[in-house]
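For reference, the structure is listed below as structure tokens.
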Amino acid sequence: MSNEKIQAGLEKYNASVEKATAKFPERPNLPEQRLYTPLDIKDTDYADEIGFPGMYPYTRGVQPTMYRGRFWTMRMYAGFSTAAESNKRYRYLIESGATGLSCAFDLPTQIGYDSDDPISEGEVGKVGVAIDSLADMEVLFDQIDLGKVSTSMTINAPASVLLAMYIAVAEKQGVPADQLKGTIQNDILKEYAARGTYIFPPRPSMRLITNIFEYCSKNVPKWNTISISGYHIREAGSTASQEIAFTIADGIAYCEAAIKAGLHIDDFAGRLSFFWNAHNNVLEEVAKFRASRRVWAKVMKERFHAEKPKSMMLRVHTQTAGSMLTAQQPNNNIVRVALQTAAAVMGGTQSLHTNSRDEALALPTEESVMIALRTQQIVAYESGLADVIDPLAGSYYVEALTNKIEKEAWEYIKKIDEIGGAVAAIEKGYIQKEIQDSAYKWQMDVESGAKTIVGVNKFQIEEEPPKGLLKVDASVGVAQCKRLAEMKAKRDNDAVKAALADLKKACQDENENLMPHILNAVRTYATLGEICGVMREVFGEYEAHVNL
Amino acid sequence: MAKVRVLVAKPGLDGHDRGAKVVARALRDAGFEVIYTGLRQTPEQIAEAALQEDVDVVAMSILSGAHPHLFPKVVNLIREKGMDDVLIIGGGVIPETDIPALKEAGIAEVFTPGTPTGDIVDFIKANVK
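Quick mapping for you: the protein sequence lines, in order, are chains A and B.
Just so we're aligned, residue 1 is where the first sequence starts under the working numbering, counting upward by one.
Just so we're aligned, residue 1 is where the second sequence starts under the working numbering, counting upward by one.
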């Protein structure tokens, strides 16, 4: 059919709709355009913009066979209480068919404080596992073969220290560093913009990150050195377009910093990975995944002149949207997570964490985690969604939406370039303000009823308080502090002192790569708090300024 | 009548302040004078800020599970400083079973996920001294 014929048909259709809606109005608060046709994607060149899986611009996926080869990695984020307790949960997950580990650390660990620091009071072991030194890391991975498992660690400001501990545990298991597979989040820019677990100011933080890129490219070549994260930006309230735009802008900043430090783009870009949110609007999410791959491929090729295909591939881990879970009627969350899982899979994710139904209330119980993992397995094995690659390509709507999200992302990236890049845009509060405005709009839409959340502002019922929630006892903190004191009494304190003094000197010399010095300190059982303390002394701490 | 002054505070180490910022803005739009502390405030810093800013209400948000420890500590410090009339409320990911103990400790009301911001505005208007 020619475009003229389609146009004529569309006009006829629109006239009929006008008549119909005069009598039966449509529901309020819908997107303006009700129907998509070939006209909406008439300017999209298939070969240039959509293409084939495993080929530039990777709109249809980064691998040629996608899930026909193997499914995405089912990676459940877990960790709480002590290393011994979390080790048990990890082994339970591996036995249940999880194919990768994902470590959650408690807040003191994420901010570089030991469990016995006064500031850690009340937080030890709460949102993740407490790691004070190599001794805890040894327990965390006890009986888990680091040569076989791939491990993702949600750690940012002190990522270098936790990675060093992981390498040191592997050494003790007899696994060489070049065999290690996994990811550190290591994305400090989104910490300033959205997640809040920063320590040092941007400049030394960027140095630590580029030090890791350089060290790993030589010594831990299979390690994903960063997971550039839109997840938390979305959780903080951004839109889908903002999620990928701000994250890719962060990615550009990391590449520029690494190039400035003397690295070649193709030496590190292949180890960059991304982290997206799988939110409620299924088709918008699928379009977001597709658009993000296309934008990143173009950034790498046109802006950074990367040559290796791997450098241009946006590989992504996904987590379902925690902020979309409701505390009301928590079993409804199982259904939300299933739809979000479908979106991530049709979007072509490389790995996935599915949230548990009870996470708007507390940390998940084992039973809830099992349902969340089973959700992935049902989508993988039963739904058929993983059998054909990029199944929604060619949908007039999904292709048009992919184009729209890409366009909006480019506009934001241009704006951030004009401000002076992601670091400057964060320092000026621009990105934070954009996110806050979107978050506020969302909340007001829910409160006005423009947006319906089932069980929250519609279909509410009287509920009994939920039973059987997981609780981390305050005694965990006490026990962890005791363990730490015992470890400190046993270690060679002179060796610790010498290693910390050496690290301090290295911190002061900007040309020095800090990784070998941190690894050295970790091996002496210097604690996370001691190591980060030295860096705090030299680098100072970041202070946020909030404009409401 | 003078505008009601509210300190929105993030005690503890968690960086999740979407809720705190949305509430801060909703309270401001409702006509209150709002001061937001930013992240990682110790109980001492929050009590001191409440005193310095001469606020009528302290509204705290925690999503890490540290509320049983930190909320009561802030209440005690605020009362120790002689701010007997300050209305102290809390919110975040807080299991219902924890709420009675928090109220016992002096938290006037606890707002959990899904609460419309209007409920918080109404509660403050009805209870501020």
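Beta carbons are placed, not taken as given, at the ideal position from N, Cα and C, and that holds for glycine.
Computed from a prediction, not measured in an experiment: that's the story for all the values here.
- The C-beta of A:V62 comes no closer than 7 Å to any C-beta of chain B.
- Residue-level contact by beta carbon holds for B:V22 and chain A, with a gap shorter than 7 Å.
- Spanning the alpha carbons of A:A344 and A:V286 requires a straight line of approximately 7 Å.
- Nearest neighbour of A:E171 by Cα position, chosen from A:T527, A:V295 and A:L519, turns out to be A:L519.
- Approximately 16 Å separates the beta-carbon atoms of B:V93 and B:A59; this is outside 8 Å, ruling out the contact.
- Across the structure, A:A258 and A:A424 are spaced so that their CA atoms are roughly 17 Å apart.
- Counting only Cβ-Cβ distances below 8 Å, B:S61 has no contacts in chain A at all, with the closest Cβ about 12 Å away.
- In the three-state DSSP reduction, A:I226 falls in the strand class (E or B).
- Comparing alpha carbon positions, the residue from A:A157, A:G128 and A:I248 closest to A:Y412 is A:I248.
- In the DSSP assignment, A:E510 falls outside any alpha helix (DSSP H), carrying neither H nor E.
- Under the Cβ distance rule, A:V129 does not count among the residues neighbouring chain B, no pair being separated by less than 7 Å.
- Contact between A:S102 and A:Y77 is confirmed by a C-beta separation of about 4 Å, below the 8 Å threshold.
- For A:R195, a Cβ of chain B is located within less than 7 Å of the residue's own Cβ.
- Under the DSSP assignment, A:E18 falls in the alpha helix (DSSP H) whose first and last residues are N3 to K23.
- Under the Cβ distance rule, B:A66 counts among the residues neighbouring chain A, one pair being separated by less than 7 Å.
- Contact check for A:A193 against A:Q432 passes: the beta carbons are separated by less than 7 Å.
- Burial state of A:Y46 is exposed, judged by a 10 Å Cβ sphere holding fewer than 16 other Cβ atoms.
- Taking CB atoms only, A:P364 has no neighbour in chain B less than 7 Å away.
- Under the three-state reduction of DSSP output, A:E543 falls in the coil class, being neither helix nor strand.
- In the DSSP assignment, A:N29 falls outside any beta strand (DSSP E), carrying neither H nor E.
- DSSP places A:T402 in no beta strand (DSSP E) but in the uninterrupted alpha helix (DSSP H) bounded by Y396 to I419.
- A contact between stretches requires three or more CB pairs, one per stretch, nearer than 8 Å, and the segment 15-34 of chain B fails this requirement with the segment 531-540 of chain A.
- Inter-residue distance for A:S2 and A:L39 is about 10 Å (C-alpha atoms, whole angstroms).
- Cβ contact annotation for A:Y58 (same chain, cutoff 6 Å, sequence separation greater than five): R293, A297 and M313, in chain order.
- Between the segment 106-115 of chain A and the segment 127-144 of chain A, the count of Cβ pairs shorter than 8 Å is three or higher; the stretches touch.
- A:Y92 is not bridged by DSSP to any residue.
- At a cut-off of 7 Å, the C-beta of B:D14 has a neighbouring C-beta in chain A.
- With contacts defined by Cβ atoms closer than 7 Å, A:T354 and A:T341 form a contacting pair.
- Taken through DSSP and simplified to helix, strand or coil, A:K190 comes out as helix.
- By the 16-neighbour rule on beta-carbons within 10 angstroms, A:S475 is exposed.
- In the structure shown, the three-state DSSP call for B:M83 is coil.
- The beta carbon of B:V34 lies closer than 7 Å to those of V6, V8, A24, L27 and R28 in the same chain, with the five residues before and after it left out.
- At least 7 Å separates the CB of A:I94 from every CB of chain B.
- Here DSSP, grouped into helix, strand and coil, assigns A:G347 to helix.
- The segment 113-127 of chain B and the segment 441-457 of chain A touch, with three or more beta-carbon pairs separated by less than 8 Å.
- Cβ proximity to chain B below 7 Å picks out Q436, A439, Y440, Q443 and E447 from the segment 436-448 of chain A.
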